[in-house]
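Remarks on the structure that follows.
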Amino acid sequence: MKSKLIQILDEKGNAVEKAIGDLTEKDILKMYRLMNLTRLWNNKALSLQRQGRMGTLASVRGQEASNIGMAMPLQESDWLVPAFREYGAMFTRGVSLSDQYMYWGGDERGARFPDNLNITPACITIGAHLLHAVGIAHAAKIKGEKIMVLSSSGDGSISQGDFHEALNWAGVFKLPVVFVIQNNHWAISMPVEKQTATETLAEKAAAYAIEGVRVDGNDVFAVYHTVKKYADRARNEHKSALIELVTYRMGDHTTADDATRYRKPEIIREWEKKDPIERLKKFLTTKHGWNEDKEQKMMAELTEQVENAVKEYENVDPPEPETMFQYMYSEMPWNLKAQLEEVKEFVKAGGK
Amino acid sequence: MKSKLIQILDEKGNAVEKAIGDLTEKDILKMYRLMNLTRLWNNKALSLQRQGRMGTLASVRGQEASNIGMAMPLQESDWLVPAFREYGAMFTRGVSLSDQYMYWGGDERGARFPDNLNITPACITIGAHLLHAVGIAHAAKIKGEKIMVLSSSGDGSISQGDFHEALNWAGVFKLPVVFVIQNNHWAISMPVEKQTATETLAEKAAAYAIEGVRVDGNDVFAVYHTVKKYADRARNEHKSALIELVTYRMGDHTTADDATRYRKPEIIREWEKKDPIERLKKFLTTKHGWNEDKEQKMMAELTEQVENAVKEYENVDPPEPETMFQYMYSEMPWNLKAQLEEVKEFVKAGGK
Amino acid sequence: MARKTMIKAINEALHQKMNEDKTVVVLGEDVAIDGGVFRATEGLVEKFGEDRVIDTPLAESSIIGASIGMAMNGLKPVAEIQFMGFVFQGFDQIVDHVARMRHRSQGKYNMQMVVRMPYGAGVRALEHHSESTEALFAHTSGLKVVIPSNPVDAKGLLISAIEDPDPVIFLEPKRLYRLTKKELPDELYRTPIGKAEIIKSGKDITVVAYGAMVPIIEEAAEHVGKEGVDAEVIDLRTISPWDMETVSRSVEKTGRLVIVHEAARSFGVGAEIAATIGERNLLHLLAPISRVTGYDIVPPLAKLENVNYPNSEKVVRAIHQTMEF
Amino acid sequence: MARKTMIKAINEALHQKMNEDKTVVVLGEDVAIDGGVFRATEGLVEKFGEDRVIDTPLAESSIIGASIGMAMNGLKPVAEIQFMGFVFQGFDQIVDHVARMRHRSQGKYNMQMVVRMPYGAGVRALEHHSESTEALFAHTSGLKVVIPSNPVDAKGLLISAIEDPDPVIFLEPKRLYRLTKKELPDELYRTPIGKAEIIKSGKDITVVAYGAMVPIIEEAAEHVGKEGVDAEVIDLRTISPWDMETVSRSVEKTGRLVIVHEAARSFGVGAEIAATIGERNLLHLLAPISRVTGYDIVPPLAKLENVNYPNSEKVVRAIHQTMEF
Ligand SMILES: Cc1ncc(C[n+]2csc(CCOP(=O)(O)OP(=O)(O)O)c2C)c(N)n1
Ligand SMILES: Cc1ncc(C[n+]2csc(CCOP(=O)(O)OP(=O)(O)O)c2C)c(N)n1
Ligand SMILES: [Mg+2]
Ligand SMILES: [Mg+2]
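Line order of the protein sequences matches chains A, B, C and D. For the first sequence, this note's numbering assigns the number 441 to the initial residue and increments by one for each residue that follows. For the second sequence, this note's numbering assigns the number 441 to the initial residue and increments by one for each residue that follows. For the third sequence, this note's numbering assigns the number 667 to the initial residue and increments by one for each residue that follows. For the fourth sequence, this note's numbering assigns the number 667 to the initial residue and increments by one for each residue that follows.
Laid out in structure tokens, this is it:
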């Protein structure tokens, strides 16, 4: 049972005009900017990492259309519940570039998103956050809020019990939650074919009596429109859905990984032809008069944004030991107070 | 997507002759005996429980065809991996009546099955044992054993993450395991409709690229033949399957439960018409010259068996405190040795 | 005011809080139509409806995980795990998410939620129905762990737990659910979390317990009282954060300490109390700190349940040994 | 014999046992083609094939649960959990089934299996990559918990663990994986489970640790040695069952004890050691037993990792305080 792949913008940059729908030039340019911004941020982070100025990083290269396309259709009161390879989606919703540098640089303070952003912190334990998404949606239903919740996770997440439980719960209670799977073909060294015996991930939706669809995840138009359709349905009709975005992890799993151990580099060249940014650029060039001048100007602006974010990240004072203790509870219990005192005394006595 | 219900023996005792297949009169009489034995054992346990001579019991009444029908097709080297409402299946495979009384009477020694029986102990944590079944099958595959593994669990188990993980693993590794779900319509007070949004449980098989079928679980012929078919396939072709047995929990969830709190007693009368034993009796009467004489003779024999088992159970010496300690490890570590000494000293000093 | 059982007290706390605060919701297996297998949630669905009293699929990870999301989106979930033995299916959600979401989001998302579950032996039930693994929660930073020992505290502590901005693991001694009745104040009241209660003051020896063991140490104290040993009896009520001050002050006075819990001894709650009091009060100690506990085994089924279970006789013995040291 | 790292020692133990015993299988996420994210299982799939070296779906409950079934059906699985922080998805399988199957079946089914996982901080990684929750396993009756501190023990203990008829939780201090090399015997050898090692004998104070903390206490002992304090340094190697005799005898001699672990302090492994030694050796104690540990918090990300982590300076300080008491 193979669900067909939804595509609007093909690898050559040709689009099914009609399917572009209500996306204005402004929208499309916004997408293009965000996709490029995400890639620049990512490349910079990788190079900082190599220089020892950044922690272990999970590169998002290749998944920019999935990231931006899933976040753009969300309304402000909707929720984004990400795993960890979604900073493009986070930027789209307003998370700052420097906060993400801080987070990946090993500074927890970068995980504090502004109060008005409905984004949950990165979830590292695979699959667990799908249940948080379900709970947020369940609360919305109880409170009568007209919102929806979008969770994003990788192809690896479909093997976890929590994936099943989340979709089952959403099906039973008819909750406004859309489960997006970024199928980037790999879970570290495990190809998606070894994760499950089904041909597609979308078809798993049937086990929960919800709809499942499969989308070209490198086609930002298709991602946008599919997510929008199901997000709207979720918000209006309290129907859940499973959306498989077929994309590719162009880099190593993280900077601690070496993908050449388990996959042929040739495959990367194949997927480079499907690059999500290239195709949008071609489309913009053909249809919206995009040119190298505009490109260079935009890139200069984005690069400056990224550089400023790096500066901010690198100039911030290191976190105080207090920050390890202060968020554990609303009020520190005696043991934490005593331990914080221990730290302070130790530091005062010249300890390191 | 509603899978159709496989039935051979209908509620009136009429059977699709052809479909009875290779079942001999002897086989059928064996089934009938075992189903009655299970019910007698069960009724006796319930009455012992009311008299305070037995622990909390999960009644199997109504599910005798499912129990016996799933166990009969197994070969000696196959494995049965039950939850806790499968003692009919256990008896079929050779577990003694008195051992089961001991177990439900709160004496762990009843859980030691003879070495030659491939039956795992009752699994109380819903769903967990499905993964044990998968592991047994996986080992068989690795060792090249030509066997299969049958797991049995309730309709409630399909909500657990472990259910999903087990079926996914079986699908990925193509293991000889058959997952039988005894859909008795209830998980304590939760009707199966609230457990999942799908119409049937069998259709969930699609999410794992394995076959799923739905069987009248009160029809011992259908249960037997379906399980046999998929058991043989599993053994011979290493194909997994999901079999939903549609049956009914005629009693309370356990003796600690009061089902009138959440279900109308009328429904029981409906399901009494579908009683698995009654229908087989009618069939035997019409087709195999079964009569009241034979019935009474059989019942007398079975009742004696049960009474003997009760005697055995009630006459066994109470377990020694050692038994709490001795099976924790192959060899007791110092802390257990010291604690066992503590117990002995305490008892010696007159402690209670 | 009327005499009521602990299960009734818990039920009353839920009724009153749900009535007072519309953001409180109850969820779990069999909590709605059945009113909970122990009847803790009886009558709630009739009064507050299926939206706020939710019969869930049979899935502990979901129950906890969904509660997390609900708490993030402004509700105050009170989740029930049917028996403590089944909480491990949802353990990742508790230790990796409930306990950490506040820290992970650097204070943005409180986890104002309660996970209730009956714990402990003494009801002659099946496997997994007699567990006492509170130490695992106590060791998990970010959680509070509360265990009442009587109806009055059960109501007051549960109300405090629901109002606490931090996540509370609320362990109910099922053995005591219906064992005794106590005069229960009708109004909505709070019993402070983190504060032990000195049930009986005494000068010779301190005896500490919580939950189902409290009646047992009271009995033991009464017994040794007749022999002239004046025991101070402390009910911890909260084991994380436990009330170190109260225990420590008591040991300063008595110089002797017996700790009682039904959980396995090794690496249990008693170890932390003994270790901390040993650290703080070494010079006050007139005898080694003694632990009376369940053994390092699987909680036995009915036939051997009592052999594993601490009783007042075992506690009396430990008191004697400590006094005679 | 050649100088090798701990990760190499672990890899060698797996190679040699798999070679010797065809029933040993290895399974986990990324253990086959990738050779494990830390390379512990490197080269195994090439040598022993995909049947015995199994890349699994991303599902910890499955990894443990399937291992249980394999053990029941005559294999000796060595499961890898990629990081200790992810074990909780499989925690029910461990505490409710691995730890209990032998008892549940009254001796019919051994759980001869090993669950390996890297634990601990010190590699500046993401959340859930620095956990040290060994106390939760130690409190679970039915498990053995082993933690090597050097390449030689790592190999010998892992071989013993695979041969042990009981289930072993094998915790590998990832910080030490490549930190130092030791002369590693080439042959297949065993290091006994349940036996501590006295790394350095001394008469003034006993310092106990395990895993990643061992080099730290060695360093501290060396430091105070120069000041004239003669510390006895003990590597526990197994924390359940821990070698009480060795520690107790040492404290009889020295009268002083410092316990070091990176896990959170409260209700941690140190508590049990302190409680038991306090019980047995009260009259030998010249000073309170001291614990140097991580704090009761979520293990911090890179920027604050070192502040939480015990180091030799903190241990030296605790030794000073204990000596000066
Ligand atoms: C529960 C759990 N187990 C193991 C890991 C270790 N791990 C981190 S990422 C990863 C692979 C994830 O693959 P996928 O879900 O496809 O996401 P992707 O990395 O491709 O974005 C694994 C196994 C984890 N983070 N959580
Ligand atoms: C993991 C887990 N959670 C909760 C329970 C408590 N419990 C015991 S039986 C049961 C219902 C089981 O329903 P089902 O799977 O349909 O089996 P049945 O009782 O109908 O045979 C529940 C919730 C349990 N045993 N295990
Ligand atoms: Mg992936
Ligand atoms: Mg059922």
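Cβ atoms here follow ideal geometry from the backbone N, Cα and C, with glycine treated the same way.
Among the options, nearest to residue i - alpha-carbon criterion
i: E793 of chain D; options: A:E516, A:A523, A:S536, A:M772; result: A:A523
i: S517 of chain A; options: A:K458, A:A577, A:E747; result: A:A577
i: Q682 of chain D; options: D:H986, D:S826, D:R782, D:S815; result: D:S826
i: E457 of chain A; options: A:G611, A:F661, A:A579, A:A637; result: A:F661
i: M779 of chain D; options: D:V753, D:M738, D:S796; result: D:M738
i: V521 of chain A; options: A:E754, A:N483, A:P561; result: A:P561
i: Q987 of chain D; options: A:F786, A:E754, A:V750, A:D450; result: A:F786
i: I582 of chain A; options: C:I720, C:A937, C:R841, C:I760; result: C:I720
i: P1018 of chain C; options: C:P723, C:I925, C:N974; result: Outside the modelled stretch of chain C, which goes from 667 to 991, sits residue 1018 of chain C, for which no answer is possible.
i: G808 of chain C; options: C:R790, C:G860, C:V764, C:E838; result: C:V764
i: V618 of chain A; options: A:W481, A:K777, A:Q745, A:V653; result: A:V653
i: Y541 of chain B; options: B:M772, B:I448, B:R703, B:N748; result: B:N748
Where residue i sits in the DSSP three-state scheme
i: Y767 of chain B; result: coil
i: F786 of chain B; result: helix
i: V711 of chain C; result: helix
i: N977 of chain C; result: coil
i: P773 of chain A; result: coil
i: Y775 of chain D; result: coil
i: M441 of chain A; result: Confidence at M441 of chain A is low in this model, with a pLDDT of 47, below 50, so its placement is unreliable and the value that follows should be read with caution. Coil, per DSSP.
i: M471 of chain B; result: helix
i: I460 of chain B; result: helix
i: R709 of chain A; result: helix
i: E863 of chain C; result: strand
i: F836 of chain D; result: strand
i: M989 of chain D; result: helix
Rounded Cβ spacing between residue i and residue j (contact assumed at less than 8 Å)
i: P976 of chain C; j: V964 of chain C; result: 16 Å between Cβ atoms; not a contact.
i: V812 of chain C; j: L802 of chain C; result: Between L802 of chain C and V812 of chain C the Cβ distance is about 15 Å, and since that is not below 8 Å, they are no contact.
i: S591 of chain A; j: H569 of chain A; result: 6 Å
i: V574 of chain B; j: A606 of chain B; result: 5 Å
Of all the residues that make up the stretch 637 to 657 of chain A, which are near chain B by a beta-carbon distance shorter than 9 Å?
Listed by position along the chain: A637, T638, E639, E643, K644, A645, A646, A647, Y648, A649, I650.
Counting only runs of 4+ residues fully inside the stretch 877 to 936 of chain C, write out the alpha helix (DSSP H) ranges in chain order.
If we require 4 residues or more, the alpha helix (DSSP H) runs fully inside the stretch 877 to 936 of chain C come out as 880 to 892, 910 to 920.
Which runs of the beta strand (DSSP E) fall wholly inside the stretch 580 to 616 of chain B and span at least 3 residues, in chain order?
589 to 594
Enumerate, from N- to C-terminal direction, the unbroken alpha helix (DSSP H) stretches of 4 or more residues contained entirely within the stretch 656 to 706 of chain A.
660 to 677
With 7 Å as the limit, tell me which residues of the stretch 732 to 758 of chain D have their beta carbon closer than that to any beta carbon of chain B; keep them in chain order.
A732, S733, I734, G735, M736, M738, N739, G740, L741, D758
Quick one: which unbroken beta strand (DSSP E) runs of 3-plus residues sit fully inside the stretch 723 to 761 of chain D? Chain order, please.
742 to 746
For the stretch 607 to 637 of chain A, which residues have a beta carbon sitting closer than 7 Å to at least one beta carbon of chain B?
N608, G611, V612, K634, T636, A637
In the stretch 675 to 714 of chain D, which residue ranges form an unbroken beta strand (DSSP E) of at least 3 residues, counting only runs that do not cross its ends?
Within the stretch 675 to 714 of chain D, the runs of beta strand (DSSP E) at least 3 residues long that lie entirely inside it are, in chain order, 690 to 694.
Chain-ordered residues of the stretch 792 to 818 of chain D with a beta carbon less than 7 Å from chain A
L792, E793, H794
Output, in sequence order along the chain, the residues in the stretch 535 to 559 of chain A whose CB is closer than 8 Å to any CB in chain C.
The stretch 535 to 559 of chain A vs chain C, Cβ under 8 Å: E548, R549, A551, R552, F553, D555.
Residues within the stretch 860 to 879 of chain C neighbouring chain D, beta-carbon criterion of under 9 Å
none
Along the chain, which unbroken stretches of the alpha helix (DSSP H) at least 4 residues long are found entirely within the stretch 527 to 579 of chain A?
527 to 533, 537 to 544
In chain order, what residues of the stretch 751 to 779 of chain A put their CB closer than 7 Å to some CB of chain C?
Y767, M768, Y769, S770, P773, W774, N775
Interfacial residues, the stretch 950 to 963 of chain D to chain C, with Cβ spacing under 9 Å:
Taking 9 Å as the Cβ-Cβ cut-off against chain C, the residues of the stretch 950 to 963 of chain D that qualify are L951, A953, P954, I955, S956, R957, Y961, D962, I963.
What ranges does the alpha helix (DSSP H) occupy inside the stretch 765 to 831 of chain D, keeping only unbroken runs of at least 4 residues that lie completely in it?
767 to 770, 800 to 804, 817 to 829
In chain order, what residues of the stretch 765 to 788 of chain D put their CB closer than 8 Å to some CB of chain B?
Hits within the stretch, in order: M767, R768, H769, R770, S771, Q772, G773, K774, Y775, N776.
Give, in chain order, every residue of the stretch 684 to 696 of chain C whose Cβ lies closer than 8 Å to some Cβ of chain B.
Against chain B - using a Cβ distance shorter than 8 Å - the residues of the stretch 684 to 696 of chain C are E695, D696.
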